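Student: Below you will find the structure I want to go over with you.
Protein chains: 2
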Amino acid sequence: MVTIADVARHAGVSSSTVSYVLSGKRAISEETRRRVRSAVRELGYHPNAGARALAARRSHIIALMVPLRTDVYVPVMMEIAIAVTTAARQHGYDVLLITNDEGPDGVRRIAASGLADGLILMDVELDDERIPVLRAQGTQATLIGLADDARGVSCVDHDFAAAGALCADHLADLGHREIAFIGYGSGVYHRHAGYAERTLAGFRDRAGQRGLRFLHRTCEGTYESTAGTLARVLADRPGTTGFVVQNEGAIGPLLTLLRTSGRTVPEDVSVIALCQDQLAEQFAPRLTAVTGSAQELGRVAVEQIMGRLAAASDGGRPDDDQALLTPTLTVRESTGPAPLLP
Amino acid sequence: MVTIADVARHAGVSSSTVSYVLSGKRAISEETRRRVRSAVRELGYHPNAGARALAARRSHIIALMVPLRTDVYVPVMMEIAIAVTTAARQHGYDVLLITNDEGPDGVRRIAASGLADGLILMDVELDDERIPVLRAQGTQATLIGLADDARGVSCVDHDFAAAGALCADHLADLGHREIAFIGYGSGVYHRHAGYAERTLAGFRDRAGQRGLRFLHRTCEGTYESTAGTLARVLADRPGTTGFVVQNEGAIGPLLTLLRTSGRTVPEDVSVIALCQDQLAEQFAPRLTAVTGSAQELGRVAVEQIMGRLAAASDGGRPDDDQALLTPTLTVRESTGPAPLLP
DNA sequence: CTTCGACACTTCAACGATGAAGGATCGGTT
DNA sequence: AACCGATCCTTCATCGTTGAAGTGTCGAAG
């Protein structure tokens, strides 16, 4: 194993000088810097992570707490995780993966052991138990999602309300008047999952403003569940011409069911999805969709943590940022003008 | 911050004793152990990760290198990542997430810095550049996937050949004689991705033994691509009554296309999928599927790494294990007896 | 000719844990 | 009484890096 002392010897300087060259915290002459750098390269030196963490009281690791639960669309989680990892590396940080089932104790463990300098929490609930722990330990953290009391932490999330509103606007612009909103399973709403509630609220408000009639129906995302949901919608409101689908699992079944019931998309009914573009492109017809960027979400979360860590190490009190990322509407082939009244 | 010295003082012993109580490496009297344990609890002591790593030359972290690429079905990757994390925690280990784009340098960085004690590599290529690095650094590692030269590392993977063979057997048992194998996009085969090639080879061999005629066709997984693939299959072999689908993205489109072309499943044609059960359950009809457990894969990978670490720290040379996990066939509603000849 | 500040580097004491080696205590042997 | 071995605990050096404080040198100002 190559240590900083080996590098120092090889470059003919003290180990402190090597440390300073590497951290850039003191002025070092051009000549010395060159010699140290080439010694580092020649010996293939990599600073020992443990020693560094111990001495500097910084692990250069952030922890990412991901849900075990899989009613969230999983690829999005993975995309966020990868975006976080990539963004963190650009700041010289690595990412530790923690699962949600460790709960508040997990947060305590990571913070108290100094394993990570900061945490990013996914799948945050409105009154999440982990948040008080973070405050108590004085740990820097960013939530992906919103919480009721987010003092002492930063937050970033998609602007789900705006996404809901975009759906309502698009369908209203096309002349639709009766809309069905196919949501997640009822469990998601009972859990008060922010993304589900806020999308619905955003949609509802805008729908009201635009004079749309609409039904919200829960749906588990299986074929059977979607069939049941659709049947009830068509029974209650036979005049429905627009569908907003938030549940990724329900999209395929819904399209199939509409086709088999003799309705063509977008001539008879329009379908707008709240899902990733990649998924929206896979269906036939390609779906008009409202999307937020998972990559951006991960990137912003990392920026927020880095900001907090920098502020804290300068002795300041970090700002509790709240970022809401604006969603985008991409019009494809699944939405069109409302059919003329028969 | 609570240190081991604080605990020692509180329990009226030396810090070594606390360390021994916690690690269990020396006999400590019942009474002392009790006092130390309660001091730990009362003070909320968590050993400092950096100090521990430095002194013990063990970080209690394993790194998991995940692909950035997303032509693999992403939920499976996430499931593996979570299984790895959960299994690692049971051994007192945490998991660091590294992305594949760091390549061999990433492996070097992690190994040389002592950040992780071992690595698990996903998305392994047959002549993966990272493997020689692992050998050179003497780093313990497990591959998820197979490589040409896996000396010095352990491997675990699904037995894709067996999965292919299971498909052939099931369709042959049902009396089908002309089968189409809908695979991944051609890029996957050009890359010589092991899972794709081995499934196909396993299917081909068994199909030969059972006297099946079959076509292998690549498919990108979009609706258009699936439509094109299916059209060609039906043009070349109108008598095809069995479909094996390995590309998750092609399943939905294929079912829709078969239906719109007037073929019912499973009366006219049988469809068997190589995909997760969760996905297979989502379609109508529910799909007969051959599955390997992603959870098991993650679990075994962790066991292998733990075994290697234990052997290495006992001064031994770890065994280069190779595990192939047996897939399961779950018969559902999408396969049935071959139709009688007209 | 002293004094001073700037610069470039070195010395050295942390950081918090581990574990080999070295006591202390005790009942049991000789 | 002296010794022994077992048991249980402590002392202390060590891990590799960091960064505050200190040293040495040099040129400019007083």
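Quick mapping for you: the protein sequence lines, in order, are chains L and Y. 46 is the number that my numbering gives to position 46 of the first sequence; each next residue is one higher, with no gaps. 1050 is the number that my numbering gives to position 50 of the second sequence; each next residue is one higher, with no gaps. All C-beta atoms, glycine included, are put in the ideal place defined by N, C-alpha and C. Computed from a predicted model, the values in this text were never measured in an experiment.
What is the rounded straight-line gap between the Cα of Ala1147 of chain Y and the Cα of Phe1181 of chain Y?
Tutor: 25 Å
Student: Under 8 Å, Cβ to Cβ, is there at least one residue of chain Y near Ala81 of chain L?
Tutor: yes
Student: Closer than 9 Å between beta carbons: that is the criterion. Which residues of the region 281-312 of chain L meet it against chain Y?
Tutor: Glu281, Gln282, Phe283, Ala284, Pro285, Arg286
Student: Could you tell me the alpha carbon to alpha carbon distance between Glu303 of chain L and Ile1098 of chain Y, rounded to whole angstroms?
Tutor: 18 Å
Student: Would you mind sorting Gln90 of chain L into buried or exposed? The rule is 16 or more other CB atoms within 10 Å of its CB.
Tutor: Looking at its Cβ environment, which holds fewer than 16 other Cβ atoms inside 10 Å, Gln90 of chain L is exposed.
Student: To which residues of the same chain is Ala1312 of chain Y closer than 8 Å at the C-beta, ignoring the five residues directly before and after it?
Tutor: Gln1140, Pro1318
Student: Contact criterion: CB-CB distance below 8 Å. Does Leu325 of chain L meet it with respect to chain Y?
Tutor: no
Student: DSSP state of Leu1174 of chain Y, grouped into three classes?
Tutor: coil
Student: For Asp1117 of chain Y, name the three-state secondary structure that DSSP assigns.
Tutor: coil
Student: Buried or exposed: which applies to His192 of chain L, given that a residue is buried once 16 or more other Cβ atoms fall within 10 Å of its Cβ?
Tutor: exposed
Student: Report all residues from its chain with a CB closer than 8 Å to the CB of Asp1277 of chain Y; omit the five preceding and five following residues, and keep chain order.
Tutor: Ala1289, Thr1291, Thr1330
Student: Cutting at 6 Å between CB atoms, please list the residues of its own chain near Gly345 of chain L, excluding the five before and the five after it.
Tutor: Since the displayed chain L opens at 1 and closes at 342, residue 345 of chain L lies outside it and no answer follows.
Student: Quick check: the Cα distance between Arg237 of chain L and Asp94 of chain L, rounded to an integer number of angstroms?
Tutor: 52 Å
Student: Taking buried to mean at least 16 other C-beta atoms within 10 Å of its own C-beta, is Asp1117 of chain Y buried or exposed?
Tutor: buried
Student: Chain L partners of Arg1109 of chain Y, CB-CB under 7 Å?
Tutor: What Arg1109 of chain Y touches in chain L: His46.
Student: Within 10 angstroms of the Cβ of Arg41 of chain L, are there 16 or more other Cβ atoms? Answer buried if so, exposed if not.
Tutor: For Arg41 of chain L, the number of other beta carbons within 10 angstroms of its own is below 16, and it is reported as exposed.
Student: Taking the alpha carbon of Arg299 of chain L as the reference point, which residue from L:Asn100, L:Leu325, L:Glu333 has its own alpha carbon closest?
Tutor: L:Leu325
Student: How about Met1077 of chain Y: is its C-beta nearer than 8 Å to some C-beta of chain L?
Tutor: yes
Student: Counting C-beta neighbours from all protein chains within 10 Å, is the total for Arg52 of chain L 16 or more, i.e. buried, or is it exposed?
Tutor: Counting Cβ neighbours within 10 Å, Arg52 of chain L comes out buried, since at least 16 surround it.
Student: How about Leu274 of chain L and Cys167 of chain L: do their beta carbons lie closer than 8 Å?
Tutor: Taking 8 Å as the cut-off, the Cβ atoms of Leu274 of chain L and Cys167 of chain L count as close.
Student: List the residues of chain Y that Ala163 of chain L touches, going by C-beta distances under 8 Å, in chain order.
Tutor: Ordered by position in chain Y, no residue passes the 8 Å Cβ test against Ala163 of chain L, which lies about 22 Å from the chain.
Student: In whole angstroms, what separates the C-alpha of Val1271 of chain Y from that of Leu1287 of chain Y?
Tutor: 7 Å
Student: Determine, using beta carbons only, whether Pro1266 of chain Y comes closer than 8 Å to chain L.
Tutor: Taking Cβ atoms only, chain L never reaches closer than 8 Å to Pro1266 of chain Y, which makes this a no.
Student: Pull out every residue of the region 6-34 of chain L whose Cβ sits closer than 9 Å to any Cβ of chain Y, in chain order.
Tutor: none
Student: With DSSP as the reference, identify every bridge partner of Ile61 of chain L, one or two as the case may be.
Tutor: DSSP lists L:Asp94 as the bridge partner or partners of Ile61 of chain L.
Student: Could you pull out every residue in the same chain whose Cβ sits closer than 6 Å to the Cβ of Ile110 of chain L, ignoring the five residues on either side in sequence?
Tutor: Ala63, Ala116
Student: Is there at least one Cβ from chain Y nearer than 8 Å to Pro132 of chain L's Cβ?
Tutor: Pro132 of chain L does not count as touching chain Y.
Student: What residues from chain L crowd round Pro1337 of chain Y, counting only those whose CB sits closer than 8 Å?
Tutor: What Pro1337 of chain Y touches in chain L: nothing, since even the nearest Cβ is about 23 Å away.
Student: Kindly list, in the order they appear in chain Y, the residues whose Cβ is closer than 7 Å to that of Ala141 of chain L.
Tutor: Within chain Y, no residue comes near Ala141 of chain L; the closest Cβ sits about 17 Å away, beyond 7 Å.
Student: Helix, strand or coil for Gly1242 of chain Y? Go by DSSP, reduced to three states.
Tutor: strand
Student: Would you mind sorting Glu220 of chain L into buried or exposed? The rule is 16 or more other CB atoms within 10 Å of its CB.
Tutor: buried
Student: Quick one: list the residues of chain L neighbouring Tyr1223 of chain Y, beta-carbon separation under 7 Å, in chain order.
Tutor: Gln282, Phe283, Ala284
Student: Indicate the three-state DSSP secondary structure (helix, strand or coil) for Ser1014 of chain Y in the structure shown.
Tutor: The three-state secondary structure of Ser1014 of chain Y, taken from DSSP, is coil.
Student: For Thr1326 of chain Y, which of helix, strand or coil comes out of DSSP?
Tutor: coil
Student: Could you say if the region 1017-1037 of chain Y and the region 10-17 of chain L meet the contact criterion of at least three C-beta pairs nearer than 8 Å?
Tutor: Output reads no: the region 10-17 of chain L does not touch the region 1017-1037 of chain Y.
Student: Taking DSSP as the reference, what is the three-state secondary structure of His192 of chain L?
Tutor: coil
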